[in-house]
Structure formats: structure tokens, C-alpha cells
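Residue numbers (my numbering): -6 to 530. No residue lacks a Cβ here, since even glycine has one placed at the ideal position from N, Cα and C. Computed from a prediction, not measured in an experiment: that's the story for all the values here. Working notes, beginning with the structure itself.
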């Protein structure tokens, strides 16, 4: 019994080591990190072709097959401040330039992304026009005018965002694009949720409570209501500004607002001066920004004010400053181009925005049970499925259970939970120990095949023996496992998190134990735990 207790202890340590996976979003199995050049090189290794063009992003465009969409254009967007890749933009194939073709591609992409990342965090499929267009020709017309607001946002592990939308440009017409972004917005959400104080407010009004209360306070400040949750009034020296309140969906609780400053169409000098003036105002309130991007998406940066204004009119201006701060909110200040002119906008959130973000993220499921909630309820549900708790082998923060899993008998199931609240955060499975490579690898590849059938192709797979000769027999392979030189690991995206399959080895009292392991790493809990650990620093 003592030996088995030691074995469980060593397995727990091994599981924790293997569970520390990257929180970067992946595209075609490539983590979205590092320089654009490095990412482009990895794309080429996967069969993508770099395309030379004369437009603003010629050196970052690639063509290649992306499963299951087919032949796609891929654009890499760099962060101009540090040179690293900020996002991957995927332009999907379409049958033709009709609205029907665009909507079919958009709907198909929705289904694919939902299978990969779960239910969307946010979706809006409408047109920003007084009357909704009816015919396909009318919809294409509104799309050309920038009034198509078909947007769906998904969240991935670590707080990264995937945005699906329909756009238009003169060269290619209507396009359905998927933007695989970094985890910056996720950082904003989580900081907003974990803060202890609310955002400083607007005109002395705390960004909290109900819309009715906030609206009443705005009216007392001489703002005029112009529509549902829409107001207009003077703000400082900036003149008549529009305010659009944002609420937590299906509630009347305020979670932020968008402030739209008066339009500055005629002069880049005036437009940029206003932007930098507001930026300094926010800097004095919130300190240095978390990130700042002030450039033009052109091969050659414009020099004259006239050229800069033209770039804004052509939607090539990328001026945006992001203030993420731990006082429970965030501010994104931007220069934007809309159909009826150029303007500066500020997007301000409170902790309700972060809470809604986390609430909308689906939890990864283990045996059909969401990896969330109190430990006792989670254990009860697993016992209903035939597993049994083994209290003797459980340790602080980990509850051990045993039983049949996925058709394999005598598996050990490790339920990781927070020590203070008993909240479930991760689950791992250790399959029975085997001493022959034939049986060990058979289990590994059989489980891998089942996971692929359920979740699709893995985003990361390493199957090799380190420092091994080209040809080795099964006996030698087992020796490599027992000397920790077997690197068999496959990772899958699943709705709500990541599943990792691996072959592992531990030694207890001079005896080798070689197992196939599964780790179910819930995305929401990983995000929250990461932020809690940052708070400790």
C-alpha cells in the first residue's frame, strides 16, 4: 500500500509538469508568437506560398490550404512597436462575389469555429442602416458602404480571441475573414474581472449599476438622450460627444460605454492633435498604456498631412492606444473611419465586461461533465458514471478516483482543485502501466485516433525518441521510455480548453512505471489561475 501511495505521488508530480502548456493561440499547429519572419518560415514549411504584391502588406501574404476551408489567403499582422506577430488574418474562399456566397461561407465558418472553440462569446449579424436591406443587391451595397456588421467572436485558451467577420475592399470585393488574435483582449477581460475597485467613472459617474441609474446621472450632467442607451453632450474642451452605453446581455447592468468624439474630416493635424490630447488625458488618469500602435497599414508610411488623411479615409490608419489597468477596467482609444467621416472613439469597460467574458466561455468537459464548480458535486457526478473515490491516495488539492475510462479498466483519475474553495480546475487520467512498447504504443495511438475523430486534427504533435539511431526495435524503444527519452505528446483543441495525450514514465523504488496519460486543461480556469498567480508577484 505504501508503494502504491508513493506511485500516486510521483504520478501527480508528473501530471503537473506535463500540464504546463503554452497559452498561445495556434494557427495550423503554429503558435502565434515570435517574429513575423519566423511565423512565415513555419508557414512555408507547411506548404504555404508567399505572395508578392504591391499593396500595403505584400511581404506578409501567403496562399495555402487550410482545413476544412480549402485554398485561403493568409495575412500576418505585426505589432509595429516590437516587431512580433500580433494576429493571423485568414481570408476564406467563396463561390463568387454574391451575398449568398458570402453568407454561406460565413455560416460554414461559424459552424467550424464553434466545433473548435465552443459557443461564441459575442455575435452580431445585422446591418448598421436605418432599414435592414432585403435583396442581395441591397446587402452588397450596404457592405460596400461599411454598414455590414456581421461579427462573431470566440474565445480560446489563455484569453485569446478569434473574430469572424465579413469585410469589403475594392480589389477583392466582399470577403469572409477569420482573425486569430493574441491574448491582449483576454488580458483586459481578466484584469477587469479581478480588480478590487471600479473604473474611475465618467464625469464623476461610476461605471456601475443599472442603465436607468447611469442614464439619470448623465441627464443631470446636461446630456441629452437620443435613443436607446445613446446620449449626446459636451465633454471638457472636446465639444459635443456621443455616448453609447453597453450592458451585460439580457440584463440592465452597465458594463461600459463607447464615447465618440466630434468628427474631424478635413485636417489630419486637427484629428491627430485631438487624439494625442485625449491620450495624454487618459495617461494622466491611468498611467502608461499597456500597448500603443500608431502607424499606417501601407508599404510606405505617408509623410504629408494630406496623404495621412487619405490613408484614414481608405481605412489604412492604425492609431490605437490601450490602457489595461488593475483598477477593474480598460480603455481603448482609436482613430476610426466610418462611412460618414473620420472620428476618434474611446471604448471603456468595467469589471462586468470581464465577468461576462468569462461567463460566456464554455468549460471543457470530462466524461460529459463541465470541469467547473464544487469538488463534491463533480465527484458525485463521476461516481454516478461508475468511478469510485480513493480517499487514501488523495492529496492536498488533488482527489484520486479509479475505474473504467473510455473502455480501459483500472484507470486512475486525478481531479485537481483549488485548496481554498474546492473548485475543480483540471482533470488527468493515468492508464494502466505497461511494460511492452507494442501494448503502450497501441494504447497511445488508439486513444489518439478516438480524440482525432471527436475533436479534429491535433494542433501540436511530437512523436520521437531523443538521440536514437534511425532503426530501433521495440525493446530499445521501451528502454528509451524508461530513460525519459521518449517524447510522444499530442495536443487537441476542444470546446473550452485543451486535451493533451502523452506517454510518460516514473520510477518508484527502482521499478519503472510507463503509462499513457491524458490531461484535460480547462481554458477558463487556466486563465483565472494565471491571473491569480500574477497577483502574487
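Q. Among 62, 263, 440, 421, which residue has its Cα nearest to the Cα of residue 401?
A. Mapped onto the chain shown, residue 401 falls at position 408. Answer by Cα proximity: 440.
Q. Under 7 Å, do residue 145 and residue 116 count as touching if we go by C-beta distance?
A. As a position in the chain shown, residue 145 is number 152, starting the count at 1. As a position in the chain shown, residue 116 is number 123, starting the count at 1. Yes, Cβ-Cβ distance for residue 145 and residue 116 is below 7 Å.
(Q) If you follow the beta strand (DSSP E) that residue 445 is in, where does it begin and where does it stop? (A) By 1-based counting over the chain shown, the position of residue 445 is 452. No beta strand (DSSP E) contains residue 445, which is instead part of the alpha helix (DSSP H) from 430 to 448.
Q. Is it the case that the Cβ atoms of residue 483 and residue 468 are separated by a distance below 7 Å?
A. Mapped onto the chain shown, residue 483 falls at position 490. Mapped onto the chain shown, residue 468 falls at position 475. The answer is no: Cβ separation not under 7 Å.
Q | 3-residue-minimum beta strand (DSSP E) runs that sit fully inside the stretch 270 to 305, ordered along the chain | A | The qualifying runs are 284 to 289.
Q: Report the three-state DSSP secondary structure of residue 472 (helix, strand or coil).
A: Here residue 472 refers to the residue found at position 479 when the chain shown is read from its first residue. Helix at residue 472.
Q) Using the C-alpha atoms, what's the distance from residue 252 back to residue 328? A) The residue you call residue 328 lines up with position 335 of the chain shown. The residue you call residue 252 lines up with position 259 of the chain shown. Each residue's Cα considered, the two are about 12 Å apart.
Q. From this set, 279, 478, 470, 310, which residue's C-alpha is nearest residue 289's C-alpha?
A. For this step, residue 289 is matched to residue 296 along the chain shown. Ranking the options by Cα distance to residue 289, first place goes to 310.
Q. If we call anything under 7 Å between Cβ atoms a contact, is residue 149 one with residue 18?
A. On the chain shown, position 156 is the one that residue 149 refers to. On the chain shown, position 25 is the one that residue 18 refers to. Closer than 7 Å, so yes.
Q) How long is the line joining the alpha carbons of residue 389 and residue 241, rounded to whole angstroms? A) In the chain shown, counting from the first residue as 1, residue 389 sits at position 396. In the chain shown, counting from the first residue as 1, residue 241 sits at position 248. About 37 Å.
Q: Measuring alpha carbon to alpha carbon, tell me which of 229, 128, 498, 58 ends up nearest residue 479.
A: Position 486 of the chain shown, counted from the first residue, corresponds to residue 479. If we check each option's Cα against that of residue 479, 498 comes out closest.
Q. Under a three-way DSSP split, which group does residue 87 fall into?
A. Taking the first residue of the chain shown as 1, we reach residue 87 at position 94. In this structure, residue 87 counts as coil in the three-state DSSP scheme.
Q. To which residues of the same chain is residue 430 closer than 8 Å at the C-beta, ignoring the five residues directly before and after it?
A. Numbered from 1 along the chain shown, position 437 holds the residue referred to as residue 430. Only 467, 468, 470, 471, 474 meet the Cβ criterion.
(Q) Can you confirm whether the stretch 274 to 283 touches the stretch 202 to 222 when touching is taken to mean that 3 or more C-beta pairs between the two stretches lie within less than 8 Å? (A) no
Q | Bridge partner(s) assigned by DSSP for residue 71 | A | By one-based count along the chain shown, residue 71 stands at place 78. Per DSSP, 78.
**Q.** Cut-off 6 Å between Cβ atoms - residues of its own chain near residue 398, not counting five sequence neighbours on either side
**A.** By one-based count along the chain shown, residue 398 stands at place 405. Excluding residues within five positions, the ones whose Cβ falls inside 6 Å are 404, 422.
Q. What is the rounded straight-line gap between the Cα of residue 515 and the Cα of residue 488?
A. Numbered from its first residue, the chain shown carries residue 515 at position 522. Numbered from its first residue, the chain shown carries residue 488 at position 495. The alpha-carbon atoms of residue 515 and residue 488 are separated by roughly 9 Å.
**Q.** Coarse secondary structure for residue 368, derived from DSSP in three states
**A.** Here residue 368 corresponds to residue number 375 of the chain shown, with the count starting at 1. Looking at residue 368 - three-state DSSP - the assignment turns out to be helix.
Q.
What does the Cβ neighbour count give for residue 262, buried or exposed, with the cut at 16 atoms within 10 Å?
A. For the purposes of this step, residue 262 is taken as the residue at position 269 of the chain shown. With fewer than 16 Cβ atoms within 10 Å of its Cβ, residue 262 is classed as exposed.
Q) Between the beta-carbon of residue 229 and the beta-carbon of residue 255, is there less than 7 Å? A) Counted from its first residue, the chain shown places residue 229 at position 236. Counted from its first residue, the chain shown places residue 255 at position 262. Contact annotation: residue 229 and residue 255 have beta-carbon atoms that are not nearer than 7 Å.
Q.
Going by DSSP in three states, residue 60 sits in which element: helix, strand or coil?
A. Locating residue 60 in the chain shown gives position 67, where the first residue counts as 1. Annotated three-state conformation of residue 60 is coil, per DSSP.
Q: Assuming residue 365 and residue 420 form a contact by the criterion Cβ under 8 Å, report the distance between their Cβ atoms to the nearest whole angstrom.
A: Numbered from 1 along the chain shown, position 372 holds the residue referred to as residue 365. Numbered from 1 along the chain shown, position 427 holds the residue referred to as residue 420. Wrong, their Cβ atoms sit about 11 Å apart, outside the cutoff.
(Q) Quick check: what's the CA-CA separation for residue 512 versus residue 425? (A) Taking the chain shown and counting its residues from 1, the one referred to as residue 512 is at position 519. Taking the chain shown and counting its residues from 1, the one referred to as residue 425 is at position 432. Taking the straight line joining both Cα atoms gives about 15 Å.
Q.
What does the alpha-carbon distance come out to for the pair residue 6 and residue 428?
A. Mapped onto the chain shown, residue 6 falls at position 13. Mapped onto the chain shown, residue 428 falls at position 435. Residue confidence is low: residue 6 scores 39 on pLDDT, short of 50, so the model does not pin down where it sits. Its coordinate-derived value is still stated next. C-alpha separation (whole angstroms): 21 Å.
Q) Where does residue 309 fall in DSSP's three states? A) Residue numbering aside, residue 309 sits at position 316 when the chain shown is read from its first letter. Of the three classes helix, strand and coil, the one that applies to residue 309 here is coil, per DSSP.
(Q) Quick check: what's the CA-CA separation for residue 518 versus residue 248? (A) As a position in the chain shown, residue 518 is number 525, starting the count at 1. As a position in the chain shown, residue 248 is number 255, starting the count at 1. Those two C-alpha atoms are separated by around 22 Å.
Q. Residue 203: which of 227, 235, 250, 270 sits nearest, CA to CA?
A. Stepping through the chain shown from its first residue, residue 203 is reached at position 210. Checked all of 227, 235, 250, 270; the closest Cα to residue 203 is 250.
(Q) Under DSSP, the beta strand (DSSP E) around residue 424 begins and ends at which residues? (A) The residue given as residue 424 occupies position 431 in the chain shown. From DSSP, residue 424 is part of no beta strand (DSSP E); its letter is neither H nor E.
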